[in-house]
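Enquirer:
Numbering (full-length UniProt numbering), first residue to last: 1 to 103.
#1: Inspect the CB distances between the region 60-72 and the region 22-42 and report whether three or more fall short of 8 angstroms.
#2: For the alpha helix (DSSP H) containing residue 19, name the first residue and the last one.
#3: Determine the contact status of residue 11 and residue 51, defining contact as a CB-CB distance below 8 angstroms.
#4: Residue 14: which of 72, 34, 37 and 45 sits nearest, CA to CA?
#5: For the alpha helix (DSSP H) that contains residue 45, what are its first and last residues?
#6: DSSP state of residue 50, grouped into three classes?
#7: Reducing DSSP to helix, strand and coil, say where residue 62 ends up.
#8: To which residues of the same chain is residue 1 closer than 7 angstroms at the C-beta, ignoring the five residues directly before and after it?
Below is the structure:
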């Protein structure tokens, strides 16, 4: 279930908001009804008449950038601070963690 501030970015009528239902049982009843009623199911796609989907290239661009960085790196680079912070076998104290935070 999403918090309300996330819903402002969604197209009205394009999703089923679980928070609109009194209980999980009511939500399940609605989902069951949608799954057996094609007309009701189609209502969730009316938005396609008015909106167009633009493909997001974020992930492919990130992969390309990382590939370029990797290819142009002459020597392996390891961020000691990052390695230490992400090492699950090591439990850092609050003071140790503060060393890695910007002032």
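Beta carbons: idealized from backbone N, C-alpha and C, even for Gly.
Expert: Straight from the coordinates:
#1: no
#2: Position 19 of the chain shown, counted from the start, is the residue given in the question as residue 19. Run containing residue 19: none; DSSP gives neither H nor E here.
#3: The residue you call residue 11 lines up with position 11 of the chain shown. The residue you call residue 51 lines up with position 51 of the chain shown. It is a contact, given that the beta carbons lie within the stated cut-off.
#4: As a first step, residue 14 must be located in the chain shown, where it is residue number 14. Closest option to residue 14, Cα to Cα, is 45.
#5: Residue mapping note: residue 45 aligns to position 45 of the chain shown, counting from 1. Neither: residue 45 is in no alpha helix (DSSP H) and is coded neither H nor E.
#6: Here the question's residue 50 lines up with position 50 in the chain shown. It is coil, neither helix nor strand.
#7: As a working mapping, residue 62 is identified with position 62 in the chain shown. Reduced to three states, the DSSP call for residue 62 is helix.
#8: Along the chain shown, read from residue 1 onward, the residue named residue 1 stands at position 1. Bear in mind that the predicted position of residue 1 carries a pLDDT of just 45, short of 50, making it too unreliable to give a figure here.
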